[in-house]
Structures are given as structure tokens and as C-alpha cells.
Amino acid sequence: DVKVTQSSRYLVKRTGEKVFLECVQDMDHENMFWYRQDPGLGLRLIYFSYDVKMKEKGDIPEGYSVSREKKERFSLILESASTNQTSMYLCASTLWGQGKSYTFGSGTRLTVV
Amino acid sequence: AQTVTQSQPEMSVQEAETVTLSCTYDTSESDYYLFWYKQPPSRQMILVIRQEAYKQQNATENRFSVNFQKAAKSFSLKISDSQLGDAAMYFCAYRYNYGGSQGNLIFGKGTKLSVKP
């Protein structure tokens with residue numbers, strides 16, 4: 119069963135900590151995405167990547183960075199966590215091609231205290 | 040820029056009845072795809088149904104069907120014979136058939152569906 123795996127389901131971190139959220143997919147997908155999900159705001163795109171070592175900013179990249187050293191792994195980094203980054207984070211991947219659907223991980227609920 | 044609007048933040052349906060979730064979108068393109076995703080309390084986003092803009096026939100997947108009105112830019116989801124397991128957030132999404140960032144999925148803000156026993 120193909121899947122996207124997010125390393126943590128729940129995380130609690132302190133303000134100012136450097137936080138790593140990991141995402142791994144086993145489908146050989148070129149494209150990977152990080153979203154933030156908040157009530158009433160839907161899914162907002164933070165960063166995405168079309169290939170190894172490539173990254174592009176989404177709609178809300180401030181306070182975040184990403185790393186993609188291997189095709190299957192896409193990491194989201196909070197350089198200095200703040201309380202307004204408390205949220206649900208979703209990773210997704212997809213192939214190039216007509217109308218391909220995204221495959222999502224099950225999310226990481228991050229609380230910054 | 041393309042946008043997707045779900046005008047119903049919350050909906051409720053009685054078990055075994057039918058409910059329709061609304062979605063409208065704005066685009067100047069003609070070659071695109073539309074999706075409905077379901078996110079139950081487990082948080083796993085699941086693809087419910089997919090519609091290709093060039094196909095006039097409405098997509099159907101078991102109890103789930105869509106009413107795709109291309110000229111009106113409307114893409115509603117109908118759930119028949121609602122079940123308790125249908126309770127979830129439902130997201131409508133649009134994807135332009137093009138490479139690069141223009142081909143990224145664009146989501147609506149979601150509709151929370153409750154199913155009453």
C-alpha cells in the first residue's frame with residue numbers, strides 16, 4: 119500500500135526551538151508539498167518541491183524553510199518556533215501528469231508553548 | 040488567479056438521507072481537473088471523486104456523485120444514503136492541467152459535514 123508517512127502525529131515544542139517535521143513517500147513522486155491547516159482557513163501551501171534540492175515558496179513561507187536531499191523525503195523546518203505556528207501540518211505528494219491526485223500524510227499536530 | 044469557494048462552513052444530514060455540498064471556482068482556463076477530498080477525524084485526506092473539465096458526464100463513485108456545471112463554474116458533491124462514516128471535513132479542489140506551480144492544487148476552505156443517527 120503506497121503511502122506518505124509523517125514522522126510524528128503530535129509534537130509539543132517550546133518557543134524558540136528549531137523544529138523538524140519529516141515526510142517520506144514511497145511512490146517515487148516528483149512533487150512534494152507542505153501545507154498548514156487551520157480552522158476556517160483551509161489548507162495553505164507553505165513550500166513545495168518538484169525535484170531533489172529544488173524548492174519553491176508557497177503562499178505562507180515566512181518562518182519556515184524546507185529541505186529535499188532525497189527524492190522520497192521532504193522536511194519542513196521551523197527555524198525558531200513561535201506560538202502562532204501552532205497548527206496542523208500536512209505533507210502531500212503527486213506525480214506530474216494530467217489531473218493526478220495528491221496523496222496525503224496523516225498530519226502532524228504541532229503545539230508551540 | 041484561480042480561486043475555490045465553499046460557501047457552507049457546516050452542513051448536517053440525517054442518516055440514510057441525501058446531502059449536497061456546494062463548490063464554485065473561478066478560472067479562465069479550459070483544461071483543468073476538479074476534486075473532492077474527505078478528511079475524517081483521523082485526519083487522513085482521502086480522494087472522494089475526480090472530474091475532468093473536458094468530460095461532460097458527471098463523475099460517480101458509489102454513493103458519491105457530482106454535478107459539474109462548467110459554464111457556471113460549479114462543482115457540487117452529492118452524497119446519497121448518508122452513513123455515519125461520512126461525517127468529515129470535505130474539501131473541494133481545482134488543478135490546472137499545466138506543469139509547474141500553476142498546476143498546484145487549490146483548495147476551498149472546507150465544509151464540515153455532520154451525520155445524525
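Protein sequences, first through last, are from chains V and A.
Heads up: the first sequence is residues 119 to 231, going by my numbering.
Heads up: the second sequence is residues 40 to 156, going by my numbering.
Glycine included, every Cβ here is placed at the ideal spot set by N, Cα and C.
- A Cβ-Cβ contact shorter than 9 Å links Y153(V) with A210(V).
- At a cut-off of 9 Å between C-beta atoms, F138(V) does not count as an interface residue with respect to chain A.
- Counting only runs of at least 3 residues, the stretch 104-132 of chain A fully encloses the following beta strand (DSSP E) elements, listed from N- to C-terminal order: 113-118.
- When C-beta distances to chain A are compared with 7 Å, every residue of the stretch 122-135 of chain V stays at or above that value.
- Annotation: Q143(V) to D120(A) spans about 35 Å, alpha carbon to alpha carbon.
- At least one C-beta of chain V is nearer than 9 Å to the C-beta of E91(A).
- Excluding residues up to 5 positions away in sequence, M84, A127 and M128 lie with their Cβ nearer than 6 Å to the Cβ of Q78(A) in the same chain.
- With a threshold of 16 other beta carbon atoms within 10 Å, V52(A) meets it and is buried.
- Residue burial annotation: N202(V) is exposed, with fewer than 16 other C-beta atoms found within 10 angstroms of its C-beta.
- Think of a sphere of 9 Å around the beta carbon of K148(A): the chain V residues whose beta carbon falls inside it are G158, L159, G160 and L161, in chain order.
- Between L208(V) and Q155(V) the beta-carbon gap is near 6 Å, inside 8 Å, which marks them as a contact.
- Assigned with DSSP and collapsed to three states, T44(A) falls in strand.
- Within the model, the alpha-carbon separation for R186(V) versus T204(V) is close to 23 Å.
- Looking at T57(A), Y93(A), S115(A) and T99(A), the one whose alpha-carbon comes closest to that of Q47(A) is S115(A).
- Annotation: T57(A) to K117(A) spans about 7 Å, alpha carbon to alpha carbon.
- Burial is judged here by how many other beta carbons sit within 10 angstroms of a residue's own beta carbon; L159(V) has fewer than 16 and is exposed.
- Within chain V, not a single residue places a beta-carbon under 7 Å from that of N97(A); the smallest gap is close to 16 Å.
- Non-local C-beta neighbours of F166(V) in its own chain, meaning closer than 8 Å and more than five positions away in sequence, comprise N149, M150, F151, W152, K173, E174 and G176, ordered along the chain.
- Distances from the CA of E54(A) to each of G149(A), L152(A), G142(A) and L123(A) were compared; the closest alpha carbon is that of L123(A).
- Cβ contact annotation for K155(A) (same chain, cutoff 8 Å, sequence separation greater than five): S51, V52, Q53 and E54, in chain order.
- In the three-state reduction of the DSSP assignment, N149(V) falls in the strand class.
- When the Cα atoms are used, Q96(A) and A111(A) turn out to be separated by approximately 15 Å.
- In terms of beta-carbon proximity, F114(A) stays away from the interface with chain V, with every pair separated by 9 Å or more.
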